[in-house]
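Notes to accompany the following structure.
There are 2 protein chains.
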Amino acid sequence: MRYAPLTQAIQGETVDAWDIHFKATALKEQDPSVIVLSIGDPDFDTPAPIVESAVKSLRGGDTHYVDIEGRDHLRNKIAADHQGRCGQQVTKDNVILLAGAQNALFATSMCILEAGDEVLVLQPNYVTYEACIQLTGAKLVPVSMDVDHDFCLDENALLQAITDKTKAIYFATPSNPSGVMLTKSELQFIADLAIKHDLWVMSDEVYSHTIFEGEHVSIAGLDNMAERTVTLNSLSKSHAMTGWRAGWAIGPTELICHLSNLSLCMLYGLPGFVQEAAYTALTDPNALAEAEQMRVTYQRRRDRLLSCFNQQPLLTCVPPKASMFLLVNVSQTGLDGQAFAEMLFEQQKIGVLPATAFGECAANYIRISYVVDDKQLDDACARIEAFMAQFTQVSNE
Amino acid sequence: MRYAPLTQAIQGETVDAWDIHFKATALKEQDPSVIVLSIGDPDFDTPAPIVESAVKSLRGGDTHYVDIEGRDHLRNKIAADHQGRCGQQVTKDNVILLAGAQNALFATSMCILEAGDEVLVLQPNYVTYEACIQLTGAKLVPVSMDVDHDFCLDENALLQAITDKTKAIYFATPSNPSGVMLTKSELQFIADLAIKHDLWVMSDEVYSHTIFEGEHVSIAGLDNMAERTVTLNSLSKSHAMTGWRAGWAIGPTELICHLSNLSLCMLYGLPGFVQEAAYTALTDPNALAEAEQMRVTYQRRRDRLLSCFNQQPLLTCVPPKASMFLLVNVSQTGLDGQAFAEMLFEQQKIGVLPATAFGECAANYIRISYVVDDKQLDDACARIEAFMAQFTQVSNE
């Protein structure tokens, strides 16, 4: 049978990226000693107040069709939080609930991109950006962050990538996979370019509640950026709600109208009980306290991992200021990220992601998620030390 | 800012269709005497065993990422049910869970259609088909059912609509809005054409569990149709689960692979607790018994409405064999469906849908949903009788 060319645009390396992860999770079902550090799924369950909010809603018969854009009280709360954090003046009409930030990225891309467009993507970037951009017929133009300077913005590379076909700049801050946050001056540089060349800016901020040091800045709050910025966020990471598929886009009201039309034929709204749970996540003091406790835990784990890797002369880390990930440069072992990850899995049953999936500039890196408890993390550190011994020996010979 | 041309393809009449519905639901919040018969949302809450299954899953921590295609036990059950009903040999690899049949229609259209394609759609058809087809760049070619013969298939019209650009035939059986079921011989006619011209067939069967008389036939079970048929279904209507957004597509394994790639960047799977609830819906005897009781109730309501309309010489009905809808021809009042629906709402506070939204051939019809309790239904019948008096008087003068 004849398929659409789109089916080619959504397959490829970005899909293959998960191979080791899938192998690791499959093996873990038979062998509990496998340690899965390859996915950004918090090991915490969703806080009880959020779960109980959904339970109450479900038992109360909140199982019918809902407003396509989401319920007013939830949209109002999201708008108020966003405005409070970054200063952009928004109302509920600037907000639409969608099935996760992933769905928001997908839907927004469909509404703003078309064949022939070029999208500048700061790399390394989350793996599904490629598919979301390419399925519209647009082209992903990678703009490598400055690998030699802890993945800060390479202003020159960004400048040189702009052509008359450029339609948008996509990035995540804090970044998945690097945990790097764009500074206010870096964001101002991007904003100036976007205004000068009339570009959309897609700011994926799903890790903006999982920050260990430094200040998160939303580009939407910078002067004259509101009209051209789409801010994505979700509860997946901040509240351990990955499985709920609850996220949103914040942008110009015209975009929200288009997204609403799209959602009518794509999704037809988020479940009411998921929306009530989301509202509880954003307002209930106990839920918020539990989310904060998760953040503290991620920070402790990050520090634990950093001290492990700092003892390995052949491994260098990009110290993450946020997120639940750590990028590790493995090139001094003589291996690239893919080979290192495969060998680590085979020898030590630890699943990590070869960071090449996030962009060619990260080909020498692996991404480690710290989403396991202290015991497993200690175990993982011990296995990594054991694993690294062979490379030390080789280099000493 | 510059938006994609797609944003034009997803707006239009099909979106406007809901205007009276939105007005009616808004007014109902202030005025409980409003009767909303304009949406296919069951008035029943989801059966308790299904709700409790979700509760158990939620409280058990089933709040993490899931397999993109859906869980094996659920896909296996859907495959087994489908095979048992229509004979098509399928396994879980022919099934993918998506966020409702709406999402399945959307995603499948993206995987099989492209710019330049023509899609034959049996009209009247559900309102979002247009957007799902047009957003791919394909063109919806309406093929009117035989309005003069209770909306049976107009074989000649279908034959004449085929061109060398035709890529697929889309229909719903039972139909929303007409409640008409395609017979086996009608489906065989469609199948022969599809095979001859190498076409995809999209068979939307979301009302196939809400049948009052006659036998539902799935075109996927006819000889040589498996490779080219996509069967859509969901729990929204059969189990009063509209708000849960749980549906699926059944098709060739290659299509399921493409849909899986698409879901990776579009949705990233259905919530685990929704999937557990869905499995309970399909297997729990009490849940199934409650679903059957809903079907019996819809049948009783349909009969109540039919006897009301049969007393109105100026109104003629298409007797629905299934679904929760009734198409009523209002042309003998001198009004079309739109004018009739607006006047009925203004005078009697009853919200119905002008059926023109479902296709030009239904411009003289209104669609009435019987998703209210007996008391409201009796009230609605009384108001319709009162409403009709003015037309009787006019025609007697």
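Listed in order, the protein sequences are those of chains A and B.
Residue 1 is where the first sequence starts when you use the working numbering, and the numbers rise one by one after that.
Residue 1 is where the second sequence starts when you use the working numbering, and the numbers rise one by one after that.
Built from N, CA and C at the ideal position, the CB exists for glycine as well.
Let me check understanding here. Comparing Cα to Cα, which of the options lies closest to residue i?
{"i": "B:Met-1", "options": "A:Gln-338, A:Phe-273, A:Pro-252, A:Arg-245", "result": "A:Pro-252"}
{"i": "A:Cys-467", "options": "A:Leu-288, A:Leu-255, A:Pro-320", "result": "No statement about residue 467 of chain A is possible, as the shown extent of chain A runs from 1 to 397 and does not include it."}
{"i": "A:Leu-306", "options": "A:Ile-384, A:Asn-224, A:Pro-49", "result": "A:Ile-384"}
{"i": "B:Ile-78", "options": "B:Val-90, B:Ile-68, B:Glu-52", "result": "B:Val-90"}
{"i": "B:Met-294", "options": "B:Ala-382, B:Ile-10, B:Asp-373, B:Gly-100", "result": "B:Asp-373"}
{"i": "A:Leu-407", "options": "A:Asn-364, A:Leu-262, A:Leu-335", "result": "No answer is possible for residue 407 of chain A: it lies beyond the span of chain A, which begins at 1 and ends at 397."}
{"i": "B:His-64", "options": "A:Leu-235, A:Ile-68, A:Leu-158, A:Val-66", "result": "A:Leu-235"}
{"i": "B:Thr-392", "options": "B:His-21, B:Thr-333, B:Leu-344", "result": "B:Thr-333"}
{"i": "B:Asp-164", "options": "B:Asp-117, B:Gln-338, B:Val-201", "result": "B:Asp-117"}
{"i": "A:Asn-156", "options": "A:Val-143, A:Phe-325, A:Thr-242", "result": "A:Val-143"}
{"i": "A:Asp-303", "options": "A:Ala-355, A:Cys-381, A:His-239, A:Asn-329", "result": "A:Cys-381"}
{"i": "A:Ala-357", "options": "A:Glu-130, A:Leu-6, A:Ser-203, A:Glu-114", "result": "A:Glu-130"}
{"i": "A:Tyr-298", "options": "A:Leu-326, A:Gln-312, A:Gln-275, A:Asn-286", "result": "A:Leu-326"}
{"i": "A:Ala-240", "options": "A:Glu-292, A:Glu-276, A:Glu-227", "result": "A:Glu-292"}
{"i": "A:Val-201", "options": "A:Leu-288, A:Met-181, A:Leu-113, A:Ser-260", "result": "A:Leu-113"}
{"i": "B:Thr-403", "options": "A:Gly-269, A:Ile-219, A:Ser-218, A:Leu-259", "result": "Coverage of chain B is limited to positions 1 through 397, which leaves residue 403 of chain B absent and any answer about it impossible."}
{"i": "B:His-428", "options": "B:Ser-185, B:Ile-96, B:Lys-23, B:Asp-43", "result": "Residue 428 of chain B lies beyond the range of chain B shown here (1 to 397); nothing can be said about it."}
{"i": "A:Leu-222", "options": "A:Glu-215, A:Ile-190, A:Thr-210", "result": "A:Ile-190"}
{"i": "A:Asp-154", "options": "A:Gly-337, A:Leu-182, A:Ile-20, A:Ile-195", "result": "A:Leu-182"}
{"i": "A:Ser-331", "options": "A:Leu-159, A:Met-388, A:Gln-348", "result": "A:Met-388"}
{"i": "B:Ile-195", "options": "B:Val-217, B:Ala-226, B:Gln-312", "result": "B:Ala-226"}
{"i": "A:Asp-146", "options": "A:Leu-140, A:Val-180, A:Pro-174, A:Thr-166", "result": "A:Val-180"}
{"i": "A:Tyr-207", "options": "A:Gly-84, A:Thr-7, A:Met-324", "result": "A:Met-324"}
Use the C-beta contact count for residue i: other C-beta atoms within 10 angstroms, 16 or more gives buried, fewer gives exposed.
{"i": "A:Ala-4", "result": "buried"}
{"i": "B:Ala-322", "result": "buried"}
{"i": "B:His-82", "result": "buried"}
{"i": "B:Lys-237", "result": "buried"}
{"i": "A:Ala-249", "result": "buried"}
{"i": "A:Asn-224", "result": "exposed"}
{"i": "B:Asp-62", "result": "buried"}
{"i": "B:Val-394", "result": "Unreliable positioning characterises B:Val-394 in this predicted model, as indicated by a pLDDT of 49, which lies under 50. The coordinate reading is nonetheless provided below. Result: exposed."}
{"i": "B:Ala-386", "result": "exposed"}
{"i": "B:Asn-233", "result": "buried"}
{"i": "B:Glu-360", "result": "exposed"}
{"i": "B:Val-127", "result": "buried"}
{"i": "B:Asp-204", "result": "buried"}
{"i": "A:Asn-396", "result": "Note that A:Asn-396 scores a pLDDT of 41, beneath 50, so its modelled location is shaky; the value from the coordinates is reported in the next line. Flag for A:Asn-396 reads exposed."}
{"i": "A:Phe-340", "result": "buried"}
{"i": "A:Ser-369", "result": "buried"}
{"i": "B:Val-296", "result": "exposed"}
{"i": "B:Phe-106", "result": "buried"}
{"i": "A:Phe-22", "result": "exposed"}
{"i": "A:Ala-289", "result": "exposed"}
Could you round the C-beta distance between residue i and residue j to whole angstroms and report it? I think they count as a contact, below 8 Å.
{"i": "A:Ala-54", "j": "A:Phe-212", "result": "Not really, about 30 Å apart at Cβ, beyond 8 Å."}
{"i": "A:Leu-267", "j": "B:Asn-103", "result": "6 Å"}
{"i": "B:Leu-193", "j": "B:Ile-162", "result": "7 Å"}
{"i": "A:Leu-335", "j": "A:Met-343", "result": "7 Å"}
{"i": "A:Tyr-365", "j": "A:Asn-329", "result": "5 Å"}
{"i": "B:Cys-86", "j": "B:Ala-287", "result": "Contact flag wrong, Cβ pair sits at about 22 Å."}
{"i": "B:Cys-265", "j": "A:Cys-308", "result": "That pair is no contact at about 33 Å."}
{"i": "A:Gly-100", "j": "A:Arg-245", "result": "4 Å"}
{"i": "B:Leu-74", "j": "B:Gln-275", "result": "5 Å"}
> At a Cβ cut of 7 Å, what residues of the stretch 270 to 283 of chain B count as close to chain A, listed as they run along the chain?
Replying inline: Those residues of the stretch 270 to 283 of chain B that come within reach of chain A (Cβ to Cβ, closer than 7 Å) are Pro-271, Gly-272.
> So, do the stretch 21 to 33 of chain A and the stretch 133 to 153 of chain B have three or more beta carbon pairs nearer to each other than 8 Å?
Replying inline: Contact between the stretch 21 to 33 of chain A and the stretch 133 to 153 of chain B is absent, because fewer than three Cβ pairs lie under 8 Å.
> Does the stretch 162 to 171 of chain A come close enough to the stretch 113 to 124 of chain A that 3 or more CB-CB pairs lie under 8 Å?
Replying inline: The stretch 113 to 124 of chain A is in contact with the stretch 162 to 171 of chain A.
> Does the count of Cβ pairs from the stretch 313 to 328 of chain B and the stretch 276 to 284 of chain B closer than 8 Å reach three?
Replying inline: Too few Cβ pairs lie closer than 8 Å, so no.
> If contact means a Cβ-Cβ distance below 8 Å, which residues of the stretch 198 to 218 of chain B contact chain A?
Replying inline: The stretch 198 to 218 of chain B vs chain A, Cβ under 8 Å: Asp-198, Trp-200.
> Got a sec: which bits of the stretch 221 to 250 of chain A sit with their beta carbon under 8 Å from any beta carbon on chain B, in order along the chain?
Replying inline: With the criterion set as a beta carbon lying under 8 Å from some beta carbon of chain B, the members of the stretch 221 to 250 of chain A are Glu-227, Arg-228, Ala-240, Met-241, Thr-242, Gly-243, Trp-244, Arg-245, in sequence order.
> Do the stretch 37 to 44 of chain A and the stretch 362 to 381 of chain A meet, that is, are 3 or more Cβ pairs less than 8 Å apart?
Replying inline: The stretch 37 to 44 of chain A vs the stretch 362 to 381 of chain A: in contact.
> Given a limit of 9 Å on CB to CB distance, which residues of the stretch 50 to 80 of chain A reach chain B?
Replying inline: Per Cβ criterion, the list reads Ile-50, Val-51, Glu-52, Ala-54, Val-55, Leu-58, Arg-59, Gly-60, Gly-61, Asp-62, Thr-63, His-64, Tyr-65, Val-66.
>> Does the stretch 51 to 71 of chain A come into contact with the stretch 49 to 65 of chain B, if we say contact requires no fewer than three beta-carbon pairs (one atom in each stretch) closer than 8 Å?
In response: Judged by Cβ distances under 8 Å, the stretch 51 to 71 of chain A makes contact with the stretch 49 to 65 of chain B, as three or more pairs qualify.
> Along the stretch 96 to 120 of chain A, what residues have a CB closer than 7 Å to any CB found in chain B?
Replying inline: Identification of residues in the stretch 96 to 120 of chain A having a C-beta nearer than 7 Å to some C-beta of chain B yields Ala-99, Gly-100, Gln-102, Asn-103, Phe-106, Met-110, Cys-111, Ile-112, Leu-113, Glu-114, given in sequence order.
>> Any C-beta of chain A within less than 8 Å: which residues of the stretch 342 to 362 of chain B qualify?
In response: Taking 8 Å as the upper bound on Cβ-Cβ separation, chain A lies near no residue of the stretch 342 to 362 of chain B.
> Any residues in the stretch 26 to 43 of chain B with a beta carbon nearer than 9 Å to a beta carbon of chain A? Which ones, in chain order?
Replying inline: Cβ contacts with chain A: Ile-39, Gly-40, Asp-41, Pro-42, Asp-43.
>> For the stretch 1 to 12 of chain A, list every residue whose C-beta sits within 8 Å of some C-beta in chain B, in sequence order.
In response: So the close ones are Met-1, Arg-2, Tyr-3, Ala-4, Pro-5, Leu-6, Thr-7, Ile-10, Gln-11.
> Between the stretch 131 to 145 of chain A and chain B, which residues of the former have CB atoms less than 8 Å from a CB of the latter, in chain order?
Replying inline: Within the stretch 131 to 145 of chain A, the qualifying residues are Ala-131, Cys-132, Leu-135, Thr-136.
>> Along the stretch 291 to 323 of chain B, where does the CB come closer than 9 Å to a CB of chain A? Name the residues.
In response: So the list is empty, because no residue satisfies the distance condition.
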